[in-house]
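See below for the structure under consideration.
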Amino acid sequence: MKDTAKRPMVLYGTSGQALFVYDEVMRSGSGYEVVAFMDLDSEDGFEQYTQLPLISLETWKRDYADSSYMLLCPGTPSIRRKVAKEFCALGARFARHFDGDRTDAPWKAVDIGEGSYLGLNTLVGNCVKIGDHTQLMTNINVGHDVTIGDYVTIAPGAIVSGYVEIEDDVFIGAGAIISNGTPEKPIVIGQGAMLTAGTVAIRSVPPQTRIIGVPGRPL
Amino acid sequence: MKDTAKRPMVLYGTSGQALFVYDEVMRSGSGYEVVAFMDLDSEDGFEQYTQLPLISLETWKRDYADSSYMLLCPGTPSIRRKVAKEFCALGARFARHFDGDRTDAPWKAVDIGEGSYLGLNTLVGNCVKIGDHTQLMTNINVGHDVTIGDYVTIAPGAIVSGYVEIEDDVFIGAGAIISNGTPEKPIVIGQGAMLTAGTVAIRSVPPQTRIIGVPGRPL
Amino acid sequence: MKDTAKRPMVLYGTSGQALFVYDEVMRSGSGYEVVAFMDLDSEDGFEQYTQLPLISLETWKRDYADSSYMLLCPGTPSIRRKVAKEFCALGARFARHFDGDRTDAPWKAVDIGEGSYLGLNTLVGNCVKIGDHTQLMTNINVGHDVTIGDYVTIAPGAIVSGYVEIEDDVFIGAGAIISNGTPEKPIVIGQGAMLTAGTVAIRSVPPQTRIIGVPGRPL
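Protein chains in written order, with the working numbering: chain A, 1 to 219; chain B, 220 to 438; chain C, 439 to 657.
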């Protein structure tokens with residue numbers, strides 16, 4: 001493995017989504033450098049586009065586990081939850097990726113959990129708390145006073161207005177919009193709910209419910 | 220008050236929206252520096268996140284009115300209209316905030332009125348006239364040959380196509396889309412109209428009318 | 439014509455759309471410099487906003503054809519197709535415009551055809567192939583493993599998810615969303631189809647079909 005001032009990152013995932021994340025990590029000044037790709041089935045070789053090492057689970061355990069940080073790329077919340085559980089049991093350490101220039105100021109009160117990722121051009125407002133292994137893709141707009149749980153995926157171009165709570169394992173589709181709540185009555189997207197692409201949620205959504213349309217209605 | 224080469228700005232508003240504006244003003248090279256927050260009910264103290272002075276109306280009149288510039292942060296058009304009227308009567312001067320690199324070139328023919336604000340990543344095309352105390356939030360896309368009136372609010376992620384006229388006091392919700400008009404027949408959003416989040420306006424909207432859906436229809 | 443280290447570009451088109459393109463080309467470090475505007479009916483004079491030469495077809499043939507590169511600005515696919523054919527017959531050479539920092543890395547596998555244009559803040563993922571004389575406007579988000587044909591126009595704010603194929607002459611309206619396909623079954627937008635503003639395509643669209651709504655349905 002490279003000897004580098006940046007902390008080494010292993011990307012879990014071998015699809016286009018992992019390459020998107022690779023692009024962003026390498027482009028930003030985030031302090032990490034991607035050194036390998038893997039998934040649970042991979043065998044030792046080379047990732048076909050970057051020519052970086054593609055490693056097996058055994059190679060990861062032997063050569064990378066103690067000296068690198070992992071970021072989980074798959075878009076599906078339940079997959080990330082399952083993989084995170086397996087790698088936690090193996091003692092993995094997780095990286096986070098986000099634009100620190102936009103989120104780190106103490107007055108901004110932004111808190112981002114372990115293993116989470118905010119993509120290119122994604123903006124968050126003040127008082128935003130994001131859980132673990134949560135993935136916000138590109139061009140997402142998150143307002144102020146928003147709580148986002150663990151294993152949430154938000155697809156590109158989505159808009160989350162202010163005074164919103166998104167519970168664990170929620171999937172927000174591309175270009176979906178959540179209207180703003182109020183301090184007394186935030187809009188709550190319940191655990192495991194799913195907003196399909198382009199849906200507009202104008203009120204709270206019960207757990208495990210899939211909604212579609214403008215305005216969003218349960219399927 | 221600070222002695223600074225930048226012009227001092229007082230932000231009217233004490234919610235998350237005001238902190239969003241604070242973030243952008245401080246991050247940009249706009250020539251202003253926020254020195255205090257206030258609203259009509261505030262008492263002297265400190266804004267809780269930035270620790271900047273929170274000032275009362277009396278303190279503003281005595282110590283800030285003659286030497287600072289105000290920007291009104293509340294999102295509701297009628298609130299900004301009411302507050303602007305009161306502060307005009309008190310002799311307030313207003314700041315504007317926008318990315319001059321994107322708007323100032325003379326050939327671009329962009330005109331932005333007093334007290335108006337264009338948020339982060341918001342783009343405007345050529346021949347765009349924006350009135351006073353109008354607020355375009357983040358990630359908004361405004362085409363060419365567009366007129367926007369006074370006290371208009373456009374929420375994040377909205378798209379205004381070319382050959383559109385938006386009259387005073389209009390509220391455009393998050394992610395709403397206004398289709399393009401033509402030079403002979405622009406799309407006109409009438410005074411005080413409201414497009415709810417995610418609405419797509421494909422034709423002109425009468426004044427005071429609220430529309431919803433794709434395509435947008437009156438409620 | 440200017441003697442310049444940058445390659446001279448002539449913009450075909452004289453409306454606000456052409457000025458949008460002018461703004462972006464001049465702002466970026468793309469290696470081109472706009473030296474004139476024209477359309478098939480223009481007479482020699484000056485473009486009204488930039489004061490750059492507005493040239494006739496005869497002047498183009500005599501003074502610009504051999505030493506400049508053209509970019510076609512009209513938004514309508516069929517107009518660009520017609521004009522490209524006429525100028526190809528006259529031996530024109532075409533420019534491309536896009537942000538090379540975001541697309542050029544070899545591992546990114548992005549291929550952009552002749553005469554095509556990607557606007558400001560438009561992002562593309564890995565394994566994206568774009569044809570000739572195709573126009574992606576501002577703030578567009580294109581995922582990974584996407585093929586876009588020739589003479590396609592994508593209006594601002596649209597979102598194209600991964601595993602999508604967009605055939606020639608398609609028009610994607612402002613803020614429209616195409617859901618993701620899968621490697622085995624990509625979503626295909628057929629030749630000449632049209633997605634109106636804000637439409638969400640959740641399945642393939644037949645050629646020459648216009649769809650509207652959330653989810654998109656044929657008109």
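Using N, Cα and C, we set each Cβ at its ideal position, and we do this for glycine too.
From a predicted model like this one, the values you see are computed outputs, not experimental measurements.
Interface flag, residue i vs chain B, CB-CB below 8 Å
i, result
"residue 645 of chain C", "no"
"residue 173 of chain A", "no"
"residue 79 of chain A", "no"
Contacts that residue i makes with chain A (C-beta to C-beta distance below 9 Å)
i, result
"residue 242 of chain B", "102, 105, 107, 108, 125, 126"
Where the beta strand (DSSP E) containing residue i begins and where it ends
i, result
"residue 289 of chain B", "288 to 291"
"residue 429 of chain B", "429 to 431"
"residue 478 of chain C", "From DSSP, residue 478 of chain C is part of no beta strand (DSSP E); its letter is neither H nor E."
"residue 623 of chain C", "Counting along the chain, residue 623 of chain C falls outside any beta strand (DSSP E), and DSSP gives it neither H nor E."
Residue i, enclosing alpha helix (DSSP H) - first and last residue
i, result
"residue 298 of chain B", "296 to 308"
"residue 457 of chain C", "454 to 465"
"residue 321 of chain B", "319 to 322"
Assigned secondary structure, residue i (DSSP; H/G/I helix, E/B strand, else coil)
i, result
"residue 330 of chain B", "strand"
"residue 366 of chain B", "strand"
"residue 495 of chain C", "helix"
"residue 312 of chain B", "coil"
"residue 740 of chain C", "There is simply no residue 740 of chain C to check, as chain C begins at 439 and stops at 657 in what is shown."
"residue 426 of chain B", "coil"
"residue 325 of chain B", "helix"
"residue 441 of chain C", "Note that residue 441 of chain C has pLDDT 45, beneath the 50 cutoff, so the model's placement of it is unreliable and no number is given."
"residue 601 of chain C", "coil"
"residue 117 of chain A", "strand"
"residue 283 of chain B", "helix"
"residue 137 of chain A", "coil"
"residue 269 of chain B", "coil"
"residue 608 of chain C", "coil"
"residue 434 of chain B", "coil"
"residue 591 of chain C", "strand"
Chain C contact residues for residue i, given Cβ-Cβ distances below 8 Å
i, result
"residue 121 of chain A", "559, 561"
Any C-beta of chain A under 8 Å from that of residue i
i, result
"residue 569 of chain C", "no"
"residue 615 of chain C", "yes"
"residue 239 of chain B", "yes"
"residue 221 of chain B", "At residue 221 of chain B the pLDDT is 46, less than 50, meaning the model places this residue with poor confidence and gives no usable figure here."
Min CB distance residue i to chain C below 8 Å
i, result
"residue 138 of chain A", "yes"
"residue 363 of chain B", "yes"
Residue i: contacting residues in chain D (beta-carbon distance under 8 Å)
i, result
"residue 16 of chain A", "The chain labelled as chain D is not found among the protein chains of the depicted structure, namely A, B and C."
Beta-carbon neighbours of residue i, restricted to chain B and to distances below 7 Å
i, result
"residue 214 of chain A", "417, 432, 433"
Closer than 8 Å at the beta carbon, the chain A residues around residue i
i, result
"residue 230 of chain B", "Simply none; closest approach about 13 Å."
"residue 640 of chain C", "196, 197"
Residue i: CB within 7 Å of a non-hydrogen atom of the ligand ATP
i, result
"residue 148 of chain A", "For the structure depicted, the ligand ATP is absent and the ligand set is empty, with no information on it obtainable."
So if I threshold CB-CB distances at 7 Å, which residues from the stretch 244 to 278 of chain B count as touching chain A? 268, 269
Listed in chain order, which residues of the stretch 181 to 200 of chain A have Cβ atoms closer than 7 Å to some Cβ of chain C? 197, 198
Residues of the stretch 584 to 604 of chain C with Cβ closer than 7 Å to any Cβ of chain A, in chain order: 597, 599, 600
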